[in-house]
Amino acid sequence: MRTVVLIAGPPCAGKSTLAQALANPGDLVLDRDAIAQRLGSPVRWGHDEVIAQRAEQVMLDEIARIARAEAITAYVVRSVPAPAQRLALAHQLRATAVHVLNPGAAECMRRAHADARPEGTAAAIRSWYARYRPCAVDADPGPAAATTPVRTSRTW
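Numbering-wise, this note's numbering comes out as the position in the sequence shown, counting from 1, plus 167.
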């Protein structure tokens, strides 16, 4: 069986939280921030340039591996605001679903502040919303994804 879900959205939209909530034990969750932490980053976000570059390379290698896999369940977390980017990545992954989380810029800003996100997060949120456009492959995970309590380490 092959299930590959691309989860897109701005910083602080809940992409990582949704991926972890959807994944079962043994499923692959591909998240650059989690990769950076496994590579030794002492922070959750805003990794130093060397670790960020290494994490991105691991991410690209894993995306290529997922694309070739015939039997895999994977949840891939990426920002990809532009339709062409999202469509290209969805096709590369042979994604079975694409979820775009869009809680609104104000909510993302509130979450960034509540989570004490690093400098640059607000600019990244504004940039995502300036570039975001819907795409034919997009699916909204529905109100359940936003309202169903998910047990996480974060409180927003």
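Backbone N, C-alpha and C fix where the C-beta goes; we use that ideal spot for every residue, glycine too.
Nearest-angstrom Cβ-Cβ length linking residue 174 and residue 186, presumed shorter than 8 Å: For the purposes of this step, residue 174 is taken as the residue at position 7 of the sequence shown. For the purposes of this step, residue 186 is taken as the residue at position 19 of the sequence shown. About 5 Å; that satisfies the 8 Å criterion.
Continuous beta strand (DSSP E) stretch holding residue 242: start and end: In the sequence shown, counting from the first residue as 1, residue 242 sits at position 75. Element bounds for residue 242: 239-245.
So, using beta-carbon positions, are residue 244 and residue 182 closer together than 7 Å? Taking the sequence shown and counting its residues from 1, one reaches residue 244 at position 77. Taking the sequence shown and counting its residues from 1, one reaches residue 182 at position 15. Yes, Cβ-Cβ distance for residue 244 and residue 182 is below 7 Å.
Could you give the distance in angstroms between the alpha-carbon of residue 241 and the alpha-carbon of residue 249? For the purposes of this step, residue 241 is identified with residue 74 of the sequence shown, where counting begins at 1. For the purposes of this step, residue 249 is identified with residue 82 of the sequence shown, where counting begins at 1. Approximately 22 Å between the Cα atoms of the pair.
Would you mind listing the alpha helix (DSSP H) stretches within the region 248-302 that are 4+ residues and don't spill past its ends, in chain order? Counting only runs of 4 or more, we get 250-260, 272-281, 288-298.
Opposite residue 184 in the DSSP bridges: which residues? Counting from one through the sequence shown, the residue named residue 184 turns up at place 17. DSSP output for residue 184 lists no bridge partner at all.
Would you list the residues sitting across from residue 174 in a DSSP beta bridge? Walking along the sequence shown from the start, residue 174 turns up at place 7. In DSSP, residue 174 forms a bridge with 244, 266.
Which class does residue 228 belong to by DSSP, given the choice of helix, strand or coil? Position 61 of the sequence shown, counted from the first residue, corresponds to residue 228. Residue 228 sits in a helix when the DSSP states are folded into three classes.
Short check: CB of residue 180 to CB of residue 268, under 7 Å? Here residue 180 corresponds to residue number 13 of the sequence shown, with the count starting at 1. Here residue 268 corresponds to residue number 101 of the sequence shown, with the count starting at 1. In contact: residue 180 and residue 268 (Cβ atoms closer than 7 Å).
What does DSSP give as the partner residues of residue 189 in its beta bridges? Here residue 189 refers to the residue found at position 22 when the sequence shown is read from its first residue. In the DSSP secondary-structure assignment, residue 189 is not bridged to any residue.
For residue 200, the first and last residue of its enclosing beta strand (DSSP E): In the sequence shown, counting from the first residue as 1, residue 200 sits at position 33. No beta strand (DSSP E) contains residue 200, which is instead part of the alpha helix (DSSP H) from 199-205.
Cut-off 8 Å between Cβ atoms - residues of its own chain near residue 254, not counting five sequence neighbours on either side: For this step, residue 254 is matched to residue 87 along the sequence shown. Result list for residue 254: 302, 303, 304, in chain order.
Return yes when the Cβ of residue 284 is within less than 7 Å of the Cβ of residue 212, no when it is not. Your numbering for residue 212 matches position 45 in the sequence shown. Your numbering for residue 284 matches position 117 in the sequence shown. Yes; because the gap between Cβ atoms is below 7 Å, this pair is in contact.
What is the rounded straight-line gap between the Cα of residue 258 and the Cα of residue 291? Looking up residue 258 in the sequence shown gives position 91. Looking up residue 291 in the sequence shown gives position 124. The alpha-carbon atoms of residue 258 and residue 291 are separated by roughly 25 Å.
Could you compute how far the alpha carbon of residue 170 sits from the alpha carbon of residue 238? The count along the sequence shown starts at 1 and reaches residue 170 at position 3. The count along the sequence shown starts at 1 and reaches residue 238 at position 71. Whole-angstrom Cα-Cα distance: 8 Å.
Residues near residue 260 by beta carbon distance below 7 Å, same chain, minus five either side: Walking along the sequence shown from the start, residue 260 turns up at place 93. For residue 260, where only same-chain residues beyond five positions count, the Cβ hits under 7 Å are 171, 173, 230, 233, 234, 243.
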